[in-house]
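First comes the structure, then the notes that go with it.
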Amino acid sequence: MKNLSNMLKEAQKLQQRMGEMQQKLAETEMEGQSGGGLVTVTLNGKGEMRGIKIDKSLADPEEMEILEDLVVAATNDAKAKIDAHLQAEMGKLAGGMPLPPGMKLPF
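In structure tokens form, the structure reads like this:
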């Protein structure tokens, strides 16, 4: 029974650390860029867009399709950075314990 008690205590600690990490992640912001920095998108750790910057040189009504593509690319870049950051933080939380392929945390 002593092992079960210790396991429960460790699970509670892990749950608390995970909650703290989620809070920290929500406060984290990552920028993604495209077009050589002409478009910059900022996302928070939850993937919510917090800001967008578009260079004035792209404000041509004839080039809207290019601008739209650059916004999508910058958003995807920021999202990839958030995902990589999340995986790194979860790896720290799991104590270096490898996760099965395709498994992402938090669930």
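Sequential numbering of the sequence shown, starting at 1, is according to full-length UniProt numbering.
For each residue, glycine too, the CB sits at the ideal point set by N, CA and C.
*Do you know offhand how far Phe-107's Cα is from Glu-62's?*
Reliability of the predicted coordinates at Phe-107 is poor, the pLDDT of 44 falling under 50, and the value obtained from them is presented with this limitation in mind. Put simply, the backbone Cα of Phe-107 is about 43 Å away from that of Glu-62.
*Grab me the residues of Gln-23's own chain with a C-beta within less than 7 Å of its C-beta, minus the 5 sequence neighbours each way, in chain order.*
Exclusion of the five residues before and after Gln-23 leaves no residue of its chain whose Cβ lies closer than 7 Å to its Cβ.
_I need the boundaries of the beta strand (DSSP E) containing Leu-4, first residue and last residue._
In the DSSP annotation of this structure, Leu-4 is not part of any beta strand (DSSP E); the continuous alpha helix (DSSP H) holding it starts and ends at 2–27.
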